[in-house]
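Everything below concerns the one structure shown next.
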Amino acid sequence: MKSLRFAALRALSLAALTVALVPAHAQGVIKIGEINSYKAQPAFLEPYKKGMELAVEEINKAGGVNGKKLELISRDDNGNPGDTVRLAEELVSREKVDVLAGAFLSNTGLALTDFAKQKKFFYLAGEPLTDKIVWGNGNHYTFRLRPSTYMQVAMLVPDAVKAKKKRWALVYPNYEYGQSSIATFKQLMKAAQADVEFVAEQATPLGKVDAGSVVQALADAKPDAIFNVLFGADLSKFVREGNTRGLFKDRTVVSVLTGEPEYMDALKDEAPTGWIVTGYPWYSLKTPEHDAWMKAYQGKYSDYPRLGSVVGYSMIHSLAAGIKKAGGTDTEKLVAAFSGLELMSPFGKIQYRAQDHQSTMGAYVGVTKNEGGKGVMVDYSYKDGAKFQPSDDEVKKLRAAE
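Residue numbers (the working numbering): 62 to 463.
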């Protein structure tokens, strides 16, 4: 009897040891490896991280995905593509993550896009906006949530054309996102307005704008209108200097991203009035899906959401929906599940297009107003991302390298 009891205890001990040695993901955890420029871009990425954490909490509280809990493992890439690739390798090989997600800057997003292609590993880009992620450098393993530079610029061009301004000055951060935004603006404006002229172009180092000289150079060109792609601290410096020197007086200004609360709030009483922008007027949206989102976000954080919050939240819910549809995290099954995947977001229903892996999430286009010393968006409307895409034939040409 003693020997039987000892054998049974030994078997139980071995079983317990075996369970302890099984990798975490095999015990009922799905690991999401997320990489971003937290220290470099805190205005957007701190709310973004809150959005992700809220989504993980909601999903796990509801029982997880296919019976497994989500675990989020984040790393900071310092805004450096080299660090991005190193961290991706570490997350995949050491942490054994099931999927990769994230990136803010276009250059780090492209680094992850290439990593996904080389390693045949699933990657969902949440924020980086360059068109190359889904077109020129697009690949079988990479999907993207936010509307691209092409989509957001295309949403703004109709209002730019309505302004009937001939001489345009351009200002942008001199890296992939800024360059592709300007290229698209020129292309679409020339197609819509034959007499358009581009009389000045200021390409500034990201995060290091010399606002005084930039504003003076634009003023010297005597443009009728300005197309701006600066964001973050660069935008604040540009607006301050432009206000001081009267650059914006009696000129049409069209500006990507400026209506996002991350950037409008930072401008405070210097916020401009009358700029045509893309953004997020969270304070006056009234839809069932946005009301539910606001209630959950403010209930957890006692704060209002920023656009980053929406992106982080929707990215995690996209992954959960894709993994559920795929029945797991097998890469090929996940790619198949994401092709045509539909889900609800705080902005309504979105779909990941099979032809280029771009989601149809849209953006709000409106006009800025300085209201009581604070910038808000007025006269806005939601632009469905599905309506601001090239034709399928054009997409095939753009993805020819794949």
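Each residue gets a CB set at the ideal place from its N, CA and C atoms; glycine is no exception.
With at least 16 other beta carbons inside 10 angstroms of its own, Gln419 counts as buried. Residue environment analysis places Gln179 among the exposed positions, since fewer than 16 neighbouring C-beta atoms fall within 10 angstroms of its C-beta. The closest CA to that of Ala253, considering only Thr305, Leu217 and Ala424, is found on Leu217.
For Asp295, the three-state secondary structure derived from DSSP is helix. For Ser316, the three-state secondary structure derived from DSSP is strand. Sequence-distant Cβ neighbours of Gly423 in its own chain, meaning closer than 7 Å and more than five residues away, are Pro208, Phe408, Tyr443, Lys444, Asp445 and Gly446. With at least 16 other beta carbons inside 10 angstroms of its own, Pro366 counts as buried.
Apart from the 5 residues on each side of it in sequence, Glu350 sits with its Cβ closer than 8 Å to the Cβ of Met405, Ser406, Pro407, Phe408 and Gly409 in its chain, given in chain order. Straight-line spacing of the CA atoms in Val315 and Gly125 works out to 43 Å.
Excluding five sequence positions before and after Lys298, the CB atoms of its chain that fall closer than 6 Å to its own CB belong to Val270 and Ala272, given in chain order. Taking a C-beta distance under 8 Å as the contact criterion, Glu403 and Gln416 do not qualify as a contact pair. Each residue's CA atom was taken as its position, placing Gly197 and Arg460 some 5 Å apart.
For Gly273, the enclosing alpha helix (DSSP H) covers residues Ala272 to Asp281. As computed with DSSP, Arg228 is found in a beta bridge with Glu258. Between Val222 and Asn289, the CB-CB gap reaches or exceeds 8 Å. By the Cβ rule, the stretch 160-170 counts as touching the stretch 184-192, because three or more pairs are nearer than 8 Å. For Phe204, the enclosing beta strand (DSSP E) stretches over residues Thr203 to Arg205.
Per DSSP, the unbroken alpha helix (DSSP H) holding Met212 starts and ends at Thr210 to Lys223.
Gln419 sits in a strand when the DSSP states are folded into three classes.
Spatial neighbours of Val214 in its own chain (CB-CB distance under 6 Å, excluding positions within 5 residues in sequence) are listed in chain order as Ser242, Thr245 and Phe246. Taking the Cβ atoms as the reference, Ile120 lies roughly 6 Å from Leu131, within the contact range of under 8 Å. Only exposed fits Ser274, as fewer than 16 other CB atoms lie within 10 angstroms of its CB. With respect to the C-alpha of Gly427, the residue from Gly436, Gly434, Thr421 and Asp440 having the closest C-alpha is Asp440. Counting C-beta atoms within 10 angstroms of its own C-beta, Arg136 has 16 or more neighbours from the protein chains shown and is therefore classed as buried. Here DSSP, grouped into helix, strand and coil, assigns Lys181 to coil.
Residue pairing of Tyr425 in beta bridges, as defined by DSSP: Gly340 and Tyr443. With respect to Thr145, Ala116 sits apart: the two C-beta atoms are not nearer than 8 Å.
The residues Lys227, Arg228 and Trp229, in chain order, have a CB closer than 8 Å to that of Glu258 in the same chain once the five nearest residues on each side in sequence are set aside.
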